[in-house]
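If you're matching positions, the sequence shown starts at 1 in UniProt numbering and goes up one per residue.
Since the structure comes first, as structure tokens, the remarks are kept for the end.
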Amino acid sequence: QLPLSLLKTAQNHPMLVELKNGETYNGHLVSCDNWMNINLREVICTSRDGDKFWRMPECYIRGSTIKYLRIPDEIIDMVKEEVVSKGRGRGGMQQQKQQKGRGIGGAGRGVFGGRGRGIPGSGRGQQEKKPGRQSAKQ
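In structure tokens form, the structure reads like this:
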């Protein structure tokens, strides 16, 4: 979730993308999808050994070929502010669920209130020992 929200916030900002084959792409992020496929504009591509350069008006990069992305620090700060303003940190959704509950029986326990862990010697398959009866072996 975080990497994608970071990318979405980075739209229209400059970034560097290094691919698994060593090529790098410097450009402005136009768009990205859930598979981290990205579109860049005003791109400068550098070969893996760093001796060849290409200028392109735009390019598409498949997410599975990306090794890493470098984005400006200000983007990270923007994402942090977004998370704080939404009021969702760690455990935010769990607290909301606990408050809701599900009618009689508490939160999500079903009709019978749960089966519990059981106590050794109780329940099905266990014979109750009655006082006064003795086993055949003595």
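Note that the Cβ used here is the ideal one computed from N, Cα and C, for glycine as well.
Annotated three-state conformation of Lys67 is strand, per DSSP.
Under the criterion of beta carbons closer than 8 Å, Lys67 and Leu19 qualify as touching, at roughly 6 Å.
About 7 Å separates the Cβ atoms of Ile61 and Leu40, confirming a contact at the 8 Å cut-off.
Secondary structure at Glu23: coil, using DSSP grouped into helix, strand and coil. Nearest to Asn34 by C-alpha distance, out of Ser64, Ile76, Val83 and Glu82, is Ser64.
Listed as beta-bridge partners of Thr9 by DSSP are no residues whatsoever.
Scanning its chain for C-beta atoms nearer than 8 Å, with the 5 sequence neighbours on each side dropped, one finds around Ile76 the residues Leu6, in chain order. The continuous stretches of beta strand (DSSP E) do not include Met36, and DSSP gives it neither H nor E.
In terms of Cα proximity to Val30, the closest of Thr24, Ile44, Lys8 and Glu23 is Lys8. Secondary structure at Pro14: strand, using DSSP grouped into helix, strand and coil.
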